[in-house]
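Trainee: Just passing along the structure, written as structure tokens.
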Amino acid sequence: MTDVVVVTGAGGMGVAVARRIGSGRAVILADAFAEPLSQATGALRAEGYAAEGIVTDIADPVAVTALATAAAGAGRIAAVVHTAGVSAATATVQQILEVDLVGTAHVIDAFLPFVSPGTSVVCIASMAGHQARADNSALATVPADELLSVAGVGDDPIAAYILAKRANQLRVQAAALAYNRRGARINTVSPGVVSTAMARAEADSPSGEHMLAMLDACGIGRTATPAEIAEVVAFLTGPGSLYITGTDILIDGGQAAWLRWHQ
């Protein structure tokens, strides 16, 4: 049976992940926008990948369920890597909550019935989730269609983004038992600043100067490359991480440590 890799998000991180773990497998790339999805899928095919694009709005539970169903129909789901999302610099509070918060819950829920022993799911959260000042346990367990009612972040996009990414981490922790019972694993990866189009847009935003100054202050002095994130995803979806589930891996060049101990 064909092994299938599903990657949501046709941006720099998603394409890097598809390249890293998609060789010899059927790659299903999903994105809300048809044009970048077509470009990314075409580029992967030109490089020899068996890639297919499916337009999917992860904020829509019906669309996400259709994606999961299509993936299961193509073979055994070996990995699901959820990179799709929006940023505080370019999206409204409502968009952040619908895509980054509720959309991630849809992915976790929709793929659960289709995973099998050996399947690994990785959701991209963010270093921002580690900056949340308090945990709201309801974010981990309430049904996806009730998440917006417990968010409560007002009109601050940064607060919405922090809450959404912390919720991603918590929700994956809570989902680990159900995935374990099906022989599958689920984890989050929390990047810092990665050199993608989204990060460049953030760098040009009012908070961009502070974001870039943090990279120097923490000592790393550079952004991460998408390939560095893909390498960690490859570990979490590979045979060397079979005992790792329900946890988060922070890849931020030491920014969170600097914020906690040296700021």
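If you're matching positions, the sequence shown starts at 1 in the numbering used here and goes up one per residue.
Where a beta carbon is used, it is the ideal one built from N, C-alpha and C, also for glycine.
Just checking Ala74 against the ligand MG - is the residue's beta carbon closer than 8 Å to any of the ligand's heavy atoms?
Mentor: The model on display carries no ligand, and the ligand MG is accordingly not part of it.
Trainee: Given a cut-off of 9 Å on the beta-carbon distance, is the pair Val64 and Ile28 in contact?
Mentor: No. Outside cutoff.
Trainee: Considering just the uninterrupted stretch of the alpha helix (DSSP H) at Glu52, what are its terminal residues?
Mentor: Careful: Glu52 lies outside any alpha helix (DSSP H), inside the beta strand (DSSP E) at 50–55.
Trainee: Is it true that the CB of Lys165 sits closer than 9 Å to the CB of Asp252?
Mentor: Not a contact, by the Cβ cut-off of 9 Å.
Trainee: Cβ of Ile54 within 9 Å of Cβ of Ala78?
Mentor: Not a contact, by the Cβ cut-off of 9 Å.
Trainee: With DSSP run on the structure shown, which of helix, strand or coil describes Ile77?
Mentor: The answer is strand: DSSP assigns Ile77 an E or B state.
Trainee: In whole angstroms, what is the alpha-carbon distance linking Gly73 and Tyr49?
Mentor: Cα-Cα distance, rounded: 19 Å.
Trainee: What does Arg185 pair with, by DSSP beta-bridge criteria?
Mentor: The partner list for Arg185 (beta bridge, DSSP) reads Ser120.
Trainee: Check whether the Cβ atoms of Phe114 and Ala68 sit closer than 9 Å, and answer yes or no.
Mentor: Yes, the pair counts as a contact, with Cβ atoms nearer than the cut-off.
Trainee: To the nearest angstrom, how far is the alpha carbon of Ala59 from that of Ala125?
Mentor: Spanning the two alpha carbons is a distance of roughly 16 Å.
Trainee: Going by alpha carbons, who is nearest to Gly268 out of Ser241, Met214, Asp3?
Mentor: Any property of residue 268 remains undetermined from this structure, which presents the chain solely from 1 to 263.
Trainee: Could you spell out the range, first to last residue, of the beta strand (DSSP E) harbouring Leu250?
Mentor: From DSSP, the beta strand (DSSP E) with Leu250 extends over 248–251.
Trainee: Measure the CB-CB distance between Cys267 and Asn168 and report whether it falls below 9 Å.
Mentor: The shown model of the chain, from 1 to 263, leaves out residue 267, and the question about it has no answer.
Trainee: For Met198, collect the residues of the same chain with a Cβ closer than 6 Å to its Cβ; drop the 5 residues on either side in sequence, then sort them by chain order.
Mentor: Hits under 6 Å: Ser87.
Trainee: Kindly indicate which three-state DSSP category Ile28 falls into: helix, strand or coil?
Mentor: Three-state result, Ile28: strand.
Trainee: Would you kindly report the start and end of the unbroken beta strand (DSSP E) that includes Thr8?
Mentor: Run containing Thr8: 3–8, per the beta strand (DSSP E) assignment.
Trainee: Alpha helix (DSSP H) containing Gly11: first to last residue?
Mentor: Counting along the chain, Gly11 falls outside any alpha helix (DSSP H), and DSSP gives it neither H nor E.
Trainee: At the level of alpha carbons, what is the spacing between Ala10 and Val233?
Mentor: So the two alpha carbons sit approximately 16 Å from each other.
Trainee: Check each candidate in Gly238, Leu250, Glu231, Arg171 and name the one with the smallest Cα separation from Val107.
Mentor: It is Arg171.
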